[in-house]
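Count along the sequence shown from 1, then add 761; that gives the number in our numbering. Think of the CB as a built atom: it goes at the ideal place given N, C-alpha and C, for glycine as much as any other residue.
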Amino acid sequence: MMKEVRFGIAGLGRLGKVHAGNIANRIPGAKLVAACSIMPAELEYANNELGVAAEKLYTDFREMVKDPDIDAVAIVTTSTEHCWQIEAALDAGKHVFCDKPLGVTLEECMVAKAAVDRHPELNFMLGFMRRFDPSYAYAKEKIDAGAIGTPYMVKATGIDPEATVQGTIRFAKTSGGIFIDMAVHDIDLMRWFLGSEATEVYALGATFKHPEFREAGDDETGVAVYRFANGGIGTIHVGRTAAHGYHIETEIIGTEGSIRISPVPEKNLAVLYNQNGVVTECVDNFQTRFLDAYRREVEYFVNCLLEGRKPEITVDDGILSTKIGFATTKAWKEGGIVRID
């Protein structure tokens, strides 16, 4: 078994920097030895801030995965690049951790799955980091222990802050639509908590504040309702205009009780008492809310490699979540109930 996992990372944007910093400094048994980006500033960051040697900085992904000093590759690039990079890295003999989504089309996802199936000797894991968030992980443990009886409904809310809406508007035309852009994590959690697969979906969208979304063929708010094979129900509310910050909330309802995660998206446990009343400050971005989860998911991947076991999150989780996401988008655009095979 391996004693250390030497990583090359591709992509050093907002989330890439989080993963790179964790691999370089916060995960026992992991070492960052190479970085790839088409942005010179990102490579300078890897060299100056993370200590990646100049000769291990790449602008060509296929060249980086040829590097014999690399055991595993972390892919944190634009979603459209994920599947071919997964295939290239696996074919080069590297283990792969890839941030979600698996791909932007089902055809691409099947290319990635074929590569994973070709290389059973290598580990692949998709970054559904919410499963590693301490609160969500605790909820899953309680559900599995029977604390709420049989879970039969999941209600999920995910709303980005109004403070970042202009950046979202700029990318609205290429985001794939609000559900592909925002709902994949919640779809994965519904599957995880209910232990079943979605069989049909109905979805709606609305735009009231920023007409630019509608002009781009998108919406600023979306709601979807799902039926699952075991009779369970799921609802998702996603949006882009939370005035108070980054709002992620989930409720799992069972026959004997329920669990609510983050009904108030607190920044921390401090409460202010001042002229505005009793105030709880809210978390303002996904990096802060899920900072520990991002570290824990890659730490889990590293431990799987060091201990010679396969990750529980598989390429099929990525395919199924993507399939449900596309069915949701179809229901939103066309109206009516869409069956999910």
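Original post:
Tell me, which residues are paired with F885 by DSSP?
Top reply: Answer is V857, bridged to F885.
**OP:** Would you kindly work out how many angstroms separate the C-alpha atoms of I941 and A835, rounded to a whole number?
**Re:** Their backbone Cα atoms lie some 22 Å apart in a straight line.
Original post:
Which residue from I1009, K861, T911 puts its Cα closest to that of Y897?
Top reply: Measuring from the Cα of Y897, the nearest candidate turns out to be I1009.
Original post:
Would you say the stretch 871–885 touches the stretch 833–850, given that touching needs at least three Cβ pairs under 8 Å?
Top reply: Here the stretch 871–885 makes contact with the stretch 833–850; the two share three or more CB pairs at distances below 8 Å.
**OP:** In angstroms with no decimal places, state the Cα-to-Cα distance between V865 and F889.
**Re:** It is roughly 16 Å from the alpha-carbon of V865 to the alpha-carbon of F889.
**OP:** Check whether the stretch 921–936 touches the stretch 975–983, taking contact to mean three or more Cβ pairs, one atom from each stretch, closer than 8 Å.
**Re:** The stretch 921–936 makes contact with the stretch 975–983; the number of CB pairs closer than 8 Å reaches 3 or more.
**OP:** On a CA-only basis, which of I1098, L1081, T1089, E1060 is nearest V766? Give me that one, please.
**Re:** The option with the nearest alpha carbon to V766 is E1060.
Original post:
Quick one: complete beta strand (DSSP E) runs, 3+ long, within the stretch 1005–1085?
Top reply: List check, beta strand (DSSP E) in window: 1008–1015, 1018–1022, 1033–1035, 1038–1040.
**OP:** For V1032, count neighbouring Cβ atoms within 10 angstroms of its own Cβ and tell me buried if that reaches 16, exposed if not.
**Re:** It counts as exposed.
Original post:
So does the stretch 911–918 actually touch the stretch 993–1011, counting three or more Cβ pairs closer than 8 Å?
Top reply: Touching, yes, given that three or more Cβ pairs across the two stretches are closer than 8 Å.
Subject >> Sub-8 Å separation of A814 and L804 beta-carbons >> reply: No. Outside cutoff.
Original post:
In this structure, does DSSP put D942 in helix, strand or coil?
Top reply: If DSSP states are grouped into helix, strand and coil, D942 belongs with the helices.
Original post:
Taking the alpha carbon of E1068 as the point to measure from, which residue in R1001, N884, I1014, S1023 has its own alpha carbon closest?
Top reply: When only C-alpha atoms are compared, the closest one is N884.
Original post:
Where does V1099 fall in DSSP's three states?
Top reply: Here V1099 sits in strand by DSSP.
Original post:
If you drop the 5 nearest sequence neighbours on each side, which residues of the same chain put their C-beta closer than 8 Å to that of L773?
Top reply: Within the same chain, A781, A796, S798, M800, E803, L804, Y806, A807, V837 come within 8 Å of L773 by CB-CB distance, once the 5 residues on both sides are set aside.
Original post:
Beta carbon of V926, beta carbon of T1002: below 8 Å?
Top reply: Less than 8 Å separates the beta-carbon of V926 from that of T1002.
**OP:** For the beta strand (DSSP E) containing H843, list its first residue and its last residue.
**Re:** Annotation: H843 is outside any beta strand (DSSP E); the continuous alpha helix (DSSP H) that includes it extends over 843–852.
Original post:
So, do the stretch 1032–1048 and the stretch 814–832 have three or more beta carbon pairs nearer to each other than 8 Å?
Top reply: Short answer: they don't touch.
Subject >> Top-ranked residue by Cα proximity to V1063, from A833, V962, G1096 >> reply: Nearest C-alpha to V1063: A833.
Original post:
Closest to R1021 by CA distance: which of P881, D1102, F954, L793 is it?
Top reply: Nearest C-alpha to R1021: F954.
**OP:** Can you give me the start and stop residues for the beta strand (DSSP E) that D830 sits inside?
**Re:** Neither: D830 is in no beta strand (DSSP E) and is coded neither H nor E.
Subject >> First and last residue of the uninterrupted alpha helix (DSSP H) at R975 >> reply: R975 -> alpha helix (DSSP H) spans 972–976.
Original post:
Who are the Cβ neighbours of E1103 in its own chain at under 7 Å, not counting the five residues just before and after it?
Top reply: The structure shown does not extend to residue 1103, since the chain is modelled only from 762 to 1102, so the question has no answer here.
Original post:
With 16 other CB atoms within 10 Å as the buried threshold, where does T935 fall?
Top reply: By the Cβ neighbour-count rule, T935 is exposed, with fewer than 16 other Cβ atoms within 10 Å of its own.
**OP:** Use the C-beta contact count for N786: other C-beta atoms within 10 angstroms, 16 or more gives buried, fewer gives exposed.
**Re:** In the assembly as shown, N786 is an exposed residue. Its beta-carbon has fewer than 16 other beta-carbons within 10 Å.
Subject >> Backbone secondary structure at D894 - three-state DSSP >> reply: Here D894 sits in coil by DSSP.
**OP:** Decide if T841 is buried, meaning its Cβ has at least 16 other Cβ atoms within 10 Å, or exposed.
**Re:** The residue in question, T841, is exposed, as its Cβ has fewer than 16 Cβ neighbours within 10 Å.
Original post:
Would L793 pass as a contact of L811 if the rule is Cβ separation under 8 Å?
Top reply: The answer is yes: Cβ separation under 8 Å.
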